[in-house]
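Okay, so here's the structure we're looking at.
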Amino acid sequence: MCVVIPTTNNMLNETCYCPVGMMVIGEKCIACQNWTYGPECHSQCQCSHTTTVACHAVSGHCQCMPGWTGLDCSTDVNECDTSDACPLYSTCINLPGSYNCSCQKKNGFVNNGPYSCVQKACEFKLNGSSGYFTSPWYPYQYYNNANCTWTVTVQKGHVISLLIEDFELESHNWCANDYITIYDGSTTQSSIVGKYCSERDIPSLIRSSSSELLVEFKSDAHNNFRGFNISYSSHLCENFTYGDKCSSACQCVQSNSWFCDNLNGHCICKSGWQGDKCQEDVDECLAAQVCQPNSECINTLGSYNCMCRVGFHLNITSGLCVERGECKVKHCSHTCWTQGEQETCGCPDHLELTSDGFTCVVPYYSYGFSNGDGILSSDNMLVSLNNNTVYVSKPIYLNQGVPFGSSEQLQTVAYVMTSGAIILGATGFSDIPSSPNLHQAFTQNQFMIAPYWANINPTEGYTTHHLYENCILSQPDHGSAQKEIIMKRAARDISEYHNLKGFQVSTVLVVTWVSREPLHSDNEVSDRGSNTFQSLLISGWAKEIHDGHEVLAEEETSYVIFIYQKGQMNWNFIPDRIINIGVISDTITQLPTTDHDLVGMIDSVQGNTGYLGVFSFKVGTSHGPATQCNRYICSKLPLLSDPVYANEMQQLYKCPCTIAELGHQWQLFEKRGLNQNIYCYAISTVAKARFLHNNRRNKLCCYKWDKPEGNDWQEWEESRMNSAYIPSDSPLSGHLLISDPWSWSYFNNSEALENIAAHHMCCKQVKSEKCDLFYKIFPDTGCTDFVDFVPASALGDPHIITLDGLLYTMNGWGEYTMMDVSEENFTLQARTEPIAPLYKATVFTAFSAKENNDAHVQVELSPNKKEMMMFLNAVDFTQKFYEDSDFTLVLGSMAVVKEVRLQQVTVRATFACGVSMKVYVALNNLEIELYVDKHLLNKTFGLVGNFNGNKRDEFTLPDGTVLPGNLSHYDIFYEFAKKWEVTPATSVFLYKSDQNYLHYWHPDYVPMFENNLDRHQHTNAVRLCGSSSHACIFDYLTTLDAKFAENSKKAILRYTMLSAYLAHSHETSLSSKDSETLDCKLFRMRNNGTLQVQEIDSKTHIDLDRVPAGACSTPEMTLEKALCTAIITNTTLKNAGVL
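Terminal number for the sequence shown in my numbering: 1143, no gaps in between.
Right under this line is the structure:
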């Protein structure tokens, strides 16, 4: 509108006015811009810029984005206030500007997009030659009313083996609640292999008789548990053959074996057979309580029989061997039977008949020369006590130590005296009382076992001793022929005498005084009787029942047994003869005064055990680290002779030498040390599922990593590269693990946790030879510089660094395939969107990766652009991810872990195929780092290139066409990137219910190309970025955002630094056409910004800031002169004046 206004001098002046909501620009009216409104656009809109679509040019009214309200659009709409926001079986979760519906997993519902739920399909058909399956939500609790089936079909003529890796359902006597049923065929009409609901009942290995097998799982509406993980394999070889081509014959005794492992030839023995070839008969009769009481166990080849002992017969009703009471004349102490007119007395188990023919007594433990016992003789030490000569044995070293008293200190040496006593611990024999006196010895701090401490003639009769140990740490056991018998009886006696559920024996010291006569004067010629008596020191662990399972007590306990067999104690009673019987530790235990006629009849007195002449006392307890270490090592010694264990150890990965070299196979397990700067990693379950599926073992690799205090990324990366691998000479080191340590593992992780605790006890709290033996069983095998992965990256205004190290820019808007590994059925896709409305710069806002049908990760930039939204297998885990500081989740063949790096929250997803990706929020955009296993060489395609070591063929199209390696930005976008756009058939993205891939498809979009950049800002860009950092310059010129551009520079420098470090490995050195090459290793970033590199052979230091850019074999990666990350030719360096 134009208005003519007269002036004071009668001149006419034309003035232009615009309608409200517009302003004059020249001679035109244009709408208000830059958040202004009203007349002449003089008023500032009071809208929140990040949550407002537009400001009304006339009224200033704020038009809010969906999910926001209020005058300034800053108030979040709580969509969950409406009753119909989410469907049934779901919970509404309000988010800034949006909301999600979390479906009720407990009832079997899963998300179908963020706003809808569907009941999870639970019918699976498995057709591979091997694989595994799990209960719903494993390892978390399965849902109610599940009805799932897995039909396994393999090649015809083959059979299927199921290995039960983990199993926890609601246990019930007849499996009426939650259970699995296994059918030997493909339908429920097939014969049933079994119905199972308890880990105790289900066999560890189940095999079909055909090429089909059906597993059915049902749960009721109550009590959910962890569920199960079951692996399967098919036999590709003829029975009893193995190897890659089935050309090797298993060495099994086939009649004694079920089959052999078709991979390693390990023989699976039938019941009753053992040995690496199943060639050894198992003597079942050596095991405790194989047969019922009062029966004899008779071993047979592959089996055994039980027969009632003489004097007993089988009661048909009770099924027990009972005494025969057929005698009329003889008065037997126990059983009696007749044969014709002859009557014979008999004894039950563990008793024997004395010479009187009537009385059953406890027999002595076997002893004597033929038993390999040590004998006290004149060759031993002589000790004079009150002019009485006593022989003392040489030290008997108790290698495992024995608790004695309440002290945690174990007794490790014993001395046997001919005077009827045993001294424990290092001692000065001059402190022993001159005559038997337990109370005086107690005041002199003696530790003593006195079965019959008296003045005994050292030259009449003899004394034997024999030490039996279940775990020999240093000395051989000379009594191995009797060892099993002795140990078995000791366990039975201690259990009975002390009313225990059972007892696992560690050490037994048997000392026997045989035909010993009293020391007498010449006028005591009539005192010529002799005594034979026995003392046993037994240590071990009581068996207890916890939660229905038999376990060993934490503390080790020791006991003594005194045996005086009837008819073997023949000393005459002489008043005032001093005889002491008892035990001294930190207390004193003594039988009643024995200087009276009890001495002559102790073999006829019922002891505290209930048997004639048998007494037993508890003498010590310990639950200290030495005891626990002993217990653990002794239980694991059989692994040293297990060929399967040795093979499993060899299969495991070797530890990388630094944290920076850790590949996708490794996952942080724990932090140690006072400063929590010892980081220990173990092989992840995903890596094991792919490459070590049937290997029960794992490995712990520990590093000293001193993280920098500040937020400097260079210091952070340098600290990772300088992290030190901790070898086995440190108690903080790693070692082989007996099983997986992960709580979600296929195998029970309690064994691994016990293993780690044992290492702490044996190597930190106890040390010495116990630690050496621990490492002998669970070795630390050292570290390797071999790096088995290569990095790639995608960042900024999209810049992509390929797996072969090529950096290029692709400024598109849409969804693209970053990596396709069809051989592994793996796809990674990315979504890009404008960084802001009207901008030509785009950034990554979502990534979606999928492997097979059981592993899917989608990470999206949240509406506020400060956080990530995460969907795992179509379930929204965003809230749990941010709430849980140690978020870790294993789903199928995928593991997802939360990591924090320089206060930056990162999600790391690792897939079984060998791809690991890290995604994080940078500056209002997402960035991704990729780590790809080298076994995928020549198998990848997409925007991250062909992984083959050749940068010239990175621009390969889906049809295999290879474009030139020197494409312009224009050609990269139109000729290459657009060919990798996602289609409805290829998309693995999850979309909201009102969206699909078309929502993100922008075929008419024209990006900002390099030749369209604002050159007026180029000087500022170079000042900020440096002349060589093309990505940084590009990002600044497209956004004019210095922080955004610097972040891209930092990300590329970080990648460059890591690549250069990894390239130093001999196995992974980069190649060059020049035969004269110098293999360079990056050591550190100097304060002046230059990189210091060292030649591995000559140790010559080179300052790369003196090397011209052309010296690098990868000039496109030379962001600064100082960043030469490839091999530099000797000739170029010499010409540059460096060498």
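Cβ atoms here follow ideal geometry from the backbone N, Cα and C, with glycine treated the same way.
Exercise. Buried or exposed: where does T1118 fall if 16 or more other Cβ atoms within 10 Å of its Cβ makes it buried?
Worked result: Along the sequence shown, one-based indexing puts residue 1118 at 1114. Caution applies to T1118, whose pLDDT of 35 falls short of 50 and renders its modelled position unreliable; the value that the coordinates give is listed next. T1118 is buried by the Cβ-count criterion.
For this session: Report the option in Q413, W72, E345 and E172 whose CA atom is closest to the CA atom of Q769.
Result: Counted from its first residue, the sequence shown places residue 769 at position 765. Comparing Cα-Cα distances from Q769 to each of Q413, W72, E345 and E172, the minimum goes to Q413.
Exercise. Going by beta carbon distance, what residues of the same chain come within less than 7 Å of G361, once the five residues before and after it are set aside?
Worked result: Taking the sequence shown and counting its residues from 1, one reaches residue 361 at position 357. Taking G361 as the centre and dropping the five residues before and after it, the same chain places the C-beta of C349 closer than 7 Å to its C-beta, in chain order.
Exercise. Taking C-alpha atoms, which residue in V791, F408 and D76 lies nearest to T593?
Worked result: Within the sequence shown, the letter at position 589 stands for residue 593. Considering only alpha carbons, the answer is F408.
For this session: Starting from L1057, follow the alpha helix (DSSP H) in both directions and report where the run begins and ends.
Result: Numbered from 1 along the sequence shown, position 1053 holds the residue referred to as residue 1057. Run containing L1057: A1046 to L1066, per the alpha helix (DSSP H) assignment.
For this session: For P462, I'd like the list of residues in its chain whose CB is within less than 7 Å of its CB, leaving aside the five on either flank, ordered along the chain.
Result: By 1-based counting over the sequence shown, the position of residue 462 is 458. So the list reads T393, V394, Y395 and T422, once near-sequence residues are dropped.
Exercise. For F373, is the classification buried or exposed, using 16 other Cβ atoms within 10 angstroms of its Cβ as the cut-off for buried?
Worked result: By one-based count along the sequence shown, residue 373 stands at place 369. Taking all protein chains in view, the Cβ of F373 is surrounded by fewer than 16 other Cβ atoms within 10 Å, so the residue is classified as exposed.
Exercise. What's the call for V555, buried or exposed, on a 16-neighbour Cβ count within 10 Å?
Worked result: Your numbering for residue 555 matches position 551 in the sequence shown. Looking at its Cβ environment, which holds fewer than 16 other Cβ atoms inside 10 Å, V555 is exposed.
For this session: Might you give, ordered along the chain, the residues of its own chain that have their beta carbon closer than 7 Å to the beta carbon of S534, omitting 5 neighbours on each side?
Result: The residue given as residue 534 occupies position 530 in the sequence shown. Around S534: G465, S519, R520, E521 and N574.
Exercise. With a CB to CB cut of under 8 Å and the five nearest residues on each side skipped, what residues in its chain are close to C301?
Worked result: The count along the sequence shown starts at 1 and reaches residue 301 at position 297. Cβ within range, chain order: E288, C289, V294, C295, Y308, N309 and C310.
Problem set entry | Top-ranked residue by Cα proximity to I51, from P43, G42, C45 and G64 | In the sequence shown, residue 51 corresponds to position 47, counting from 1. Note that residue 51 is Cys in the sequence shown here, rather than Ile. Of the listed residues, the one whose Cα sits closest to C51 is G64.
Problem set entry | Proximity test, T54 beta-carbon vs the ligand GTP heavy atom, cut-off 6 Å | Although the ligand GTP was asked about, the structure shown includes no ligands whatsoever.
Problem set entry | Three-state secondary structure (DSSP) of C256 | Numbered from its first residue, the sequence shown carries residue 256 at position 252. DSSP places C256 in coil when its eight states are reduced to three.
Exercise. So what does DSSP say about L940, is it helix, strand or coil?
Worked result: By 1-based counting over the sequence shown, the position of residue 940 is 936. Reduced to three states, the DSSP call for L940 is helix.
For this session: Taking V904 as the reference, give the member of V919, V923, S897 and C917 with the closest Cα.
Result: One-based indexing of the sequence shown puts residue 904 at position 900. Nearest option by C-alpha distance: V923.
Exercise. The alpha helix (DSSP H) with D858 in it runs from where to where?
Worked result: On the sequence shown, position 854 is the one that residue 858 refers to. No alpha helix (DSSP H) contains D858, which DSSP labels as neither H nor E.
For this session: Can you check DSSP and say which residues form a bridge with L799?
Result: Stepping through the sequence shown from its first residue, residue 799 is reached at position 795. Partner(s): H803.
Exercise. How close, in whole Å, do the beta carbons of L947 and A916 come, if the pair is a contact with beta carbons under 8 Å?
Worked result: Here the question's residue 947 lines up with position 943 in the sequence shown. Here the question's residue 916 lines up with position 912 in the sequence shown. About 23 Å; that fails the 8 Å criterion.
Problem set entry | Whether K675 touches Y685 by CB criterion (7 Å) | In the sequence shown, counting from the first residue as 1, residue 675 sits at position 671. In the sequence shown, counting from the first residue as 1, residue 685 sits at position 681. No; because the gap between Cβ atoms is not below 7 Å, this pair is not in contact.
Exercise. Which first and last residues belong to the alpha helix (DSSP H) in which N632 is found?
Worked result: For this step, residue 632 is matched to residue 628 along the sequence shown. What sits at residue 632 in the sequence shown is Gln, not Asn. Per DSSP, Q632 is one residue of the alpha helix (DSSP H) stretching across P629 to K640.
Exercise. According to the neighbour-count rule (16 or more other Cβ atoms, all chains shown, within 10 Å of its Cβ), is C271 buried or exposed?
Worked result: In the sequence shown, the residue the question calls residue 271 occupies position 267. Taking all protein chains shown into account, C271 has 16 or more neighbouring C-beta atoms within 10 Å of its C-beta and is therefore buried.
For this session: May I ask which residues mark the beginning and end of the alpha helix (DSSP H) holding A650?
Result: To locate residue 650, count along the sequence shown from 1; it is residue 646. From DSSP, the alpha helix (DSSP H) with A650 extends over P647 to Q655.
Exercise. Buried or exposed: R694, going by 16 or more other Cβ atoms within 10 Å of its Cβ?
Worked result: As a position in the sequence shown, residue 694 is number 690, starting the count at 1. Flag for R694 reads buried.
Problem set entry | DSSP-derived helix/strand/coil call for L92 | To locate residue 92, count along the sequence shown from 1; it is residue 88. Looking at L92 - three-state DSSP - the assignment turns out to be coil, as it is neither helix nor strand.
Exercise. Alpha carbon to alpha carbon, how far is I498 from P207?
Worked result: Within the sequence shown, residue 498 is the residue found at index 494, counting from 1. Within the sequence shown, residue 207 is the residue found at index 203, counting from 1. Going by the C-alpha atoms only, they are around 33 Å apart.
Exercise. Should T321 be flagged as near chain D, meaning a C-beta pair shorter than 7 Å?
Worked result: Looking for chain D here will not work: only one protein chain is present.
Exercise. Is Y236 near C264, with beta carbons less than 7 Å apart?
Worked result: One-based indexing of the sequence shown puts residue 236 at position 232. One-based indexing of the sequence shown puts residue 264 at position 260. With contacts defined by Cβ atoms closer than 7 Å, Y236 and C264 do not form a contacting pair.
Exercise. Bridge partners of K902, per DSSP?
Worked result: Looking up residue 902 in the sequence shown gives position 898. Beta-bridge pairing links K902 to V911.
For this session: Might you give, ordered along the chain, the residues of its own chain that have their beta carbon closer than 8 Å to the beta carbon of L1017, omitting 5 neighbours on each side?
Result: Residue numbering aside, residue 1017 sits at position 1013 when the sequence shown is read from its first letter. Excluding sequence neighbours, L1017 sits near F1038, L1041 and T1042.
For this session: Answer with buried or exposed for D733, where buried requires no fewer than 16 other C-beta atoms within 10 angstroms of its C-beta.
Result: Position 729 of the sequence shown holds residue 733. Exposed: under 16 other Cβ atoms inside 10 Å.
Problem set entry | Boundaries (first-last residue) of the beta strand (DSSP E) holding A454 | Counting from one through the sequence shown, the residue named residue 454 turns up at place 450. Going by DSSP, A454 is part of the beta strand (DSSP E) stretching over F451 to W457.
Exercise. Which same chain residues, not among the five before or five after C775, have their C-beta less than 7 Å away from its C-beta?
Worked result: The residue labelled residue 775 in the question sits at position 771 within the sequence shown. Here the set comprises C766 and C767.
Exercise. From C363 to I606, what does the alpha carbon distance come to, in whole angstroms?
Worked result: Locating residue 363 in the sequence shown gives position 359, where the first residue counts as 1. Locating residue 606 in the sequence shown gives position 602, where the first residue counts as 1. The residue asked about is misnamed: residue 363 is Thr in this sequence, not Cys. A straight line joining the alpha-carbon of T363 with that of I606 spans about 15 Å.
For this session: Along the beta strand (DSSP E) that carries I1037, what are the first and last residues, could you check?
Result: Numbered from its first residue, the sequence shown carries residue 1037 at position 1033. If you look at I1037, you'll find it isn't in any beta strand (DSSP E); it sits in the alpha helix (DSSP H) that goes H1034 to T1043.
Exercise. What's the gap between the Cα of Y119 and the Cα of P795?
Worked result: On the sequence shown, position 115 is the one that residue 119 refers to. On the sequence shown, position 791 is the one that residue 795 refers to. CA-to-CA, the gap between Y119 and P795 works out to about 36 Å.
Problem set entry | Candidates I637, P731, Q680 and G628, of which the one nearest P660 by Cα | Working through the sequence shown from its first residue, we reach residue 660 at position 656. Checked all of I637, P731, Q680 and G628; the closest Cα to P660 is P731.
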